[in-house]
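Numbering (full-length UniProt numbering), first residue to last: 1 to 210.
One structure is given below, encoded as structure tokens.
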Ligand SMILES: NC(=O)c1ccc[n+]([C@@H]2O[C@H](COP(=O)([O-])OP(=O)(O)OC[C@H]3O[C@@H](n4cnc5c(N)ncnc54)[C@H](OP(=O)(O)O)[C@@H]3O)[C@@H](O)[C@H]2O)c1
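And the structure:
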């Protein structure tokens, strides 16, 4: 699919530079997917803003520990923790949240960044251990569950913030999947779980539009 450059120009505008200073001083930050890509860069940028705690909720604890050591070495006094969290397994996600609740009484900033794009691994339809289509669970259900489960801690913050890493690719999603379900009085989750309605690359776009 090729699009006129004017569309790219309109949608992919340059972002302003990252803010400077200690705007996170004393704050407790939780970020998912901190081990690579956007999450890794965000973690480094946020660590520079003097949070008191950086909690890295990651699928690979080994990779997470490397990142934590790196930012702790760069920013003296920064504390943090690496916690295993596989978004394709709700038991793992719930254990991660319980782990956070054991050690922290508040969360100021939650960044739901981890996500997957099945177009990069040519992934066919697959279900998670919880019985949901994996892109839908990873990009939609799990970030929502993470947010709901952490609400009690977010409520204890003076200015809680929750960020979901979206994607400009959401503009390519048609709303047929959802609209058809609504029109037919069918479950939207059921539609996402219906293998016959799984199309690439649409599913990634749909997940980012949800
Ligand atoms: N790259 C782009 O052009 C782009 C553009 C717009 C938006 N985004 C969004 O930005 C976010 C980060 O993407 P990225 O480009 O930085 O990709 P990336 O480099 O592949 O990073 C994805 C991160 O998510 C983690 N992750 C994936 N599946 C997971 C799971 N089941 N449980 C826990 N963690 C999981 C990965 O952990 P592992 O290292 O263990 O796999 C990794 O840390 C995503 O939400 C993506 O949709 C990306």
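Beta carbons are placed, not taken as given, at the ideal position from N, Cα and C, and that holds for glycine.
(1) Nearest-angstrom Cα distance between residue 32 and residue 193?
(2) Starting from residue 56, follow the alpha helix (DSSP H) in both directions and report where the run begins and ends.
(3) Candidates 74, 81, 51, 77: which alpha carbon is nearest residue 65's?
(4) Using the C-alpha atoms, what's the distance from residue 105 back to residue 131?
(5) Taking DSSP as the reference, what is the three-state secondary structure of residue 139?
(6) Classify residue 117 as buried or exposed, calling it buried when 16 or more other Cβ atoms lie within 10 Å of its own Cβ.
(7) With a floor of 4 residues, list each alpha helix (DSSP H) that falls wholly inside the segment 17 to 49, ordered by position along the chain.
(8) Can you check DSSP and say which residues form a bridge with residue 97?
(9) For residue 84, list the residues DSSP reports as bridge partners.
(10) Helix, strand or coil for residue 188? Go by DSSP, reduced to three states.
(11) Taking the beta carbon of residue 103 as the centre, do at least 16 other beta carbons fall within 10 Å, making it buried, or is it exposed?
(12) Starting from the Cα of residue 54, find the closest Cα among 71, 158, 91 and give me that residue.
(13) Please confirm whether residue 213 and residue 34 have their CB atoms less than 7 Å apart.
(14) Once DSSP output is grouped into helix, strand and coil, what is the label at residue 161?
(15) Excluding the 5 residues flanking residue 90 on each side, which residues of the same chain have their C-beta closer than 7 Å to its C-beta?
So, from the data block:
(1) Using only the alpha carbons, I get a separation of about 24 Å.
(2) Note, residue 56: premise wrong, no alpha helix (DSSP H); beta strand (DSSP E) at 53 to 58.
(3) Just measuring C-alpha positions, the residue of 74, 81, 51, 77 sitting nearest residue 65 is 81.
(4) In a straight line, the C-alpha of residue 131 is about 32 Å away from that of residue 105.
(5) Of the three classes helix, strand and coil, the one that applies to residue 139 here is helix, per DSSP.
(6) Counting Cβ neighbours within 10 Å, residue 117 comes out buried, since at least 16 surround it.
(7) At a cut-off of 4 residues, the continuous stretches assigned as alpha helix (DSSP H) that sit fully inside the segment 17 to 49 are 37 to 47.
(8) Listed as beta-bridge partners of residue 97 by DSSP are no residues whatsoever.
(9) Paired residue(s): 58.
(10) Residue 188 falls in the helix class under three-state DSSP.
(11) Classification of residue 103: exposed, given that the 10 Å Cβ count is below 16.
(12) Checking every option, the nearest Cα to that of residue 54 belongs to 71.
(13) No statement about residue 213 is possible, as the shown extent of the chain runs from 1 to 210 and does not include it.
(14) In the structure shown, residue 161 sits in a strand (DSSP, three-state: E or B).
(15) The residues are 130, 145.
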